[in-house]
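K.L.:
Numbering follows UniProt numbering, with no gaps: position 300 of the sequence shown is 300.
No residue lacks a Cβ here, since even glycine has one placed at the ideal position from N, Cα and C.
All values derive from a computational prediction rather than experimental measurement.
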Amino acid sequence: MARLLSVNVGLPRDVEWHNRIVTTAIWKYPVEGPRMVRRLNIDGDGQADRIGHGGEHRAVFVYQIESYRYWERQLGRSDFVYGQFGENFTVDGLIDAEVCIGDRYRIGGALFEVTQPRVTCYRLGIRMDIPEMAALLVLHDRPGFYFRVLEEGYVQADDAIIKTASGEGGMTVSEINALLYKPGHPHDRLERALRNPSLSAGWRRSFQALLTQSAEGGNAGLTGAIEPRPAWDGFREFHVVRKTSEVNHVTSLELKPLDGRLLENYLPGQFIVLRLRPRSAPILLRSYSLSGRADGLHFRVTIKREPDGTAGRFVCEELKEGDLVEASAPRGSFTLIRSDGPVAFLSAGIGMTPVLGMLHALAAEKSQREIWWLYGTRNSLEYPFAQEIRELLRSLPNAHWHTCYSAPAPGDRQGADYDSTGHLDTAIVKTLGLPIESDFYLCGPAKFMSDLTEGLAGVGVARHRIHTEMFGASSSITPGIATSPRQPPHQPAGEPGSGGLVSFARSGLVVRWNPSMHSLLDLAEACDVPARWSCRTGVCHTCETGLISGSVTYQPSPIDRAADGNLLLCCSQPVGDLVIDL
1 MARLLSVNVG LPRDVEWHNR IVTTAIWKYP VEGPRMVRRL NIDGDGQADR
51 IGHGGEHRAV FVYQIESYRY WERQLGRSDF VYGQFGENFT VDGLIDAEVC
101 IGDRYRIGGA LFEVTQPRVT CYRLGIRMDI PEMAALLVLH DRPGFYFRVL
151 EEGYVQADDA IIKTASGEGG MTVSEINALL YKPGHPHDRL ERALRNPSLS
201 AGWRRSFQAL LTQSAEGGNA GLTGAIEPRP AWDGFREFHV VRKTSEVNHV
251 TSLELKPLDG RLLENYLPGQ FIVLRLRPRS APILLRSYSL SGRADGLHFR
301 VTIKREPDGT AGRFVCEELK EGDLVEASAP RGSFTLIRSD GPVAFLSAGI
351 GMTPVLGMLH ALAAEKSQRE IWWLYGTRNS LEYPFAQEIR ELLRSLPNAH
401 WHTCYSAPAP GDRQGADYDS TGHLDTAIVK TLGLPIESDF YLCGPAKFMS
451 DLTEGLAGVG VARHRIHTEM FGASSSITPG IATSPRQPPH QPAGEPGSGG
501 LVSFARSGLV VRWNPSMHSL LDLAEACDVP ARWSCRTGVC HTCETGLISG
551 SVTYQPSPID RAADGNLLLC CSQPVGDLVI DL
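Shown next as structure tokens:
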């Protein structure tokens with residue numbers, strides 16, 4: 001009979017790692033006597049990262065003594081103690097290849113249900129002093145698993161573990177773990193896993209994403225979305241066939257490819273990276289949303305000149321019709337979801353550009369969808385495409401619109417040029433009665449998007465229906481590390497590298513690769529370029545990023561490859577010059 005060998009608890013603590021302070025509860029220690037197991041954890045236990053760990057479906061983590069012995073042989077170690085893998089229960093029995101999702105067990109006075117395999121992050125590598133430990137657990141099919149607590153009660157070491165029910169579908173922890181993290185993802189297995197009501201909501205969403213992704217490669221279960229493969233690698237030359245001054249400090253460029261080939265395979269809402277070559281300044285890389293109709297013949301981008309914006313100044317003052325620029329293929333996952341349901345576009349300032357591309361697409365197909373266009377700006381002098389937008393909306397039979405001016409110009413007429421004075425916010429959304437089942441697309445200043453995101457969620461809009469696009473570098477994800485004041489991207493400290501040029505397109509920074517660094521993630525961190533990561537070993541794909549130009553090699557190799565046109569920052573190194581969407 002299976003047996004509970006040790007009950008282990010630990011509270012969050014700060015540890016030093018790579019000259020940073022990490023808050024983690026990975027250190028667990030055995031306790032004597034009975035302990036009360038509650039719905040969210042065990043008395044005396046805690047989780048530092050409530051996003052990656054903890055919650056009802058991840059209340060108690062279980063690891064097996066059989067896996068202890070396996071890792072002792074694999075790693076040549078004999079220093080393990082109970083709690084070594086951050087588990088709450090060290091058990092004899094219940095191995096991952098036999099325990100199934102939904103199985104129920106009584107231990108002492110408590111009743112438990114198996115909900116999901118463990119999602120292992122870099123902090124186990126710190127505890128084990130083996131950075132690649134997160135990847136090893138997946139590769140060797142030994143992740144461990146989580147219990148949720150069906151009945152609270154006391155447990156203690158040496159309690160018997162009694163199985164009381166079997167999970168629906170008979171899929172083991174090892175099978176479920178491999179189905180998400182390893183290549184393949186067969187649809188019949190995904191459908192079988194989704195039929196299990198005990199599987200946690202997060203894993204359910206991941207499997208649903210894998211079930212609906214196309215054959216573009218990559219892992220939608222980990223990234224949330226797989227955008228179409230970019231139509232070409234690197235950059236192509238384009239003529240500036242038209243340059244138009246729209247309103248104050250806003251200029252549109254119409255671009256046609258020099259080679260005359262059609263511009264296909266992109267979606268409304270995507271962006272391109274322009275490589276600009278000012279005569280008296282370094283080469284500039286900037287990302288701009290496509291603001292026009294996708295006709296296969298040309299791109300339109302719309303650029304606002306910011307007070308200190310080098311690229312905006314160059315476009316406004318130096319770039320001329322007939323000049324050449326270089327452009328990447330369109331990319332990005334902020335795209336219009338095909339549906340018959342209602343759709344709402346909420347934008348402010350120059351943030352209207354990607355959603356204008358979506359509006360063009362709906363007008364071109366004569367959409368019958370219920371469409372809401374809400375826009376906020378200072379006044380008519382700062383409202384680009386006002387007439388174009390009105391004509392598009394009037395061509396759509398079920399379109400509604402509302403314009404907010406925060407500082408109307410003397411000639412602006414309420415009821416004709418705009419609808420209300422003030423800023424676009426959730427109160428206006430509620431007043432207008434937008435359907436909460438709409439897909440909401442938000443683009444504008446960071447505070448505008450964060451306020452509306454929280455406001456929409458607060459009035460009942462499901463989070464998966466709120467889509468946002470961020471201009472410039474996105475926010476970072478650094479689990480367990482306290483956020484610090486954001487520094488502008490800069491050259492790394494020390495001697496310049498000797499490798500190829502690495503261009504961070506969103507951050508506008510170009511640096512030489514230093515072969516002494518482990519990965520492009522290390523380089524980004526050394527330059528204070530915002531990056532997102534969790535496992536740091538090629539497992540979780542949190543760091544998956546667009547590869548605009550160039551190629552990379554991997555060390556270590558990721559468990560599942562990135563989508564075509566992307567790379568994994570945490571384990572990749574450049575081969576020559578590189579441009580990445582960061």
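1) Taking only runs of the alpha helix (DSSP H) that begin and end inside the UniProt domain "MOSC" (29 to 164), which ones reach a length of at least 4 residues, in chain order?
2) Where do the ends of the alpha helix (DSSP H) carrying isoleucine 428 lie?
3) Leaving out five residues on either side along the sequence, give the residues of the same chain with a beta carbon under 6 Å from the beta carbon of leucine 520.
4) Skipping 5 residues on each side, what residues in its chain have a beta carbon closer than 6 Å to that of methionine 358?
5) So, using beta-carbon positions, are serine 198 and isoleucine 101 closer together than 8 Å?
6) To the nearest angstrom, report how far apart tryptophan 71 and leucine 210 are at their CA atoms.
7) Enumerate in chain order the residues of its own chain whose CB-to-CB distance from aspartate 129 is below 6 Å, with the five nearest sequence positions on each side excluded.
8) With a floor of 4 residues, list each alpha helix (DSSP H) that falls wholly inside the stretch 378 to 462, ordered by position along the chain.
9) Just the C-alpha distance for tryptophan 373 and proline 408, rounded to the nearest angstrom, thanks.
10) Among the candidates Pro558, Ser549, Ser551, whose CA atom is the shortest distance from the CA of cysteine 543?
11) Could you check if serine 549 is buried or exposed, using at least 16 other CB atoms within 10 Å of its CB as the buried criterion?
12) What residue does the alpha helix (DSSP H) around leucine 206 start on, and which one ends it?
13) Rounded to a whole number of angstroms, what is the C-alpha to C-alpha distance between serine 280 and leucine 124?
14) Identify whether leucine 520 lies in helix, strand or coil by the three-state DSSP scheme.
15) What three-state label does DSSP hand proline 354 in the structure shown?
16) Closer than 8 Å is the cut-off here; do at least three beta carbon pairs connect the stretch 377 to 391 with the stretch 309 to 329?
17) Closest to glycine 93 by CA distance: which of Gln116, Tyr82, Glu66 is it?
18) Roughly how many whole angstroms lie between the Cα atoms of residue 586 and glutamine 491?
19) At what residues does the beta strand (DSSP E) containing isoleucine 466 begin and finish?
20) Which residues in the same chain have their Cβ closer than 6 Å to the Cβ of serine 503, if we skip the five residues on either side of it in sequence?
21) Going by C-alpha distance, which of Val81, Leu222, Asp141, Tyr154 is nearest tryptophan 533?
22) Under 8 Å, do tyrosine 154 and glycine 108 count as touching if we go by C-beta distance?
23) For the beta strand (DSSP E) that valine 241 lies in, which residues bound it at each end?
24) Between the Cα of asparagine 196 and those of Leu393, Lys182, Met171, spot the shortest distance and give me the residue it belongs to.
25) Can you tell which of Leu547, Gly86, Asp14, Ser347 has its C-alpha closest to the C-alpha of arginine 506?
26) Mapping DSSP to helix, strand and coil, what is aspartate 577?
27) State yes or no: is the C-beta of alanine 157 within less than 8 Å of the C-beta of leucine 4?
28) Can you give me the C-alpha to C-alpha distance between leucine 396 and leucine 362, rounded to a whole angstrom?
29) Applying the criterion that 16 or more other CB atoms from any shown protein chain within 10 Å of the CB defines a buried residue, is serine 498 buried or exposed?
30) Going by C-alpha to C-alpha distance, which of Gly46, Arg127, Val62 sits closest to glutamate 16?
31) Sort Gly46, Asn8, Asn41 by Cα distance to glycine 33 and report the nearest one.
32) Let me know the secondary structure DSSP gives asparagine 265 once reduced to three states.
33) Near asparagine 177, what residues of its chain come up, given a Cβ to Cβ distance below 6 Å and the 5 sequence neighbours on each side ignored?
34) Could you give the distance in angstroms between the alpha-carbon of threonine 431 and the alpha-carbon of glutamine 208?
35) Roughly how many angstroms lie between the CA atoms of lysine 256 and glycine 480, to the nearest whole one?
36) Is it the case that the Cβ atoms of arginine 275 and isoleucine 283 are separated by a distance below 8 Å?
P.N.:
Quick answer:
1) 65 to 75, 122 to 128, 133 to 139
2) 426 to 432
3) Leu569, Ser572
4) Pro268, Gly269, Leu336
5) Yes. Within cutoff.
6) 31 Å
7) none
8) Listed in chain order, the alpha helix (DSSP H) elements of length 4 or more contained wholly in the stretch 378 to 462 are 386 to 394, 426 to 432, 446 to 458.
9) Distance between the alpha carbons of tryptophan 373 and proline 408 is about 19 Å.
10) Pro558
11) Per the 10 Å Cβ criterion, buried.
12) According to the sequence provided, residue 206 is serine. The question's leucine does not apply to it. DSSP places serine 206 in the uninterrupted alpha helix (DSSP H) bounded by 201 to 212.
13) 50 Å
14) helix
15) Of the three classes helix, strand and coil, the one that applies to proline 354 here is helix, per DSSP.
16) no
17) Glu66
18) With the chain running from 1 to 582 in the structure shown, residue 586 is simply not present.
19) Run containing isoleucine 466: 466 to 469, per the beta strand (DSSP E) assignment.
20) Within the same chain, serine 503 has close Cβ partners Leu285, Val510, Val579.
21) Leu222
22) yes
23) Unbroken beta strand (DSSP E) run through valine 241: 235 to 247.
24) Met171
25) Leu547
26) strand
27) yes
28) 8 Å
29) exposed
30) Arg127
31) The closest CA to that of glycine 33, considering only Gly46, Asn8, Asn41, is found on Asn8.
32) Coil, per DSSP.
33) Listed in chain order, the non-local C-beta contacts of asparagine 177 below 6 Å within the same chain comprise Pro117, Pro143, local neighbours out to five positions each way being set aside.
34) Using only the alpha carbons, I get a separation of about 35 Å.
35) 47 Å
36) Yes.
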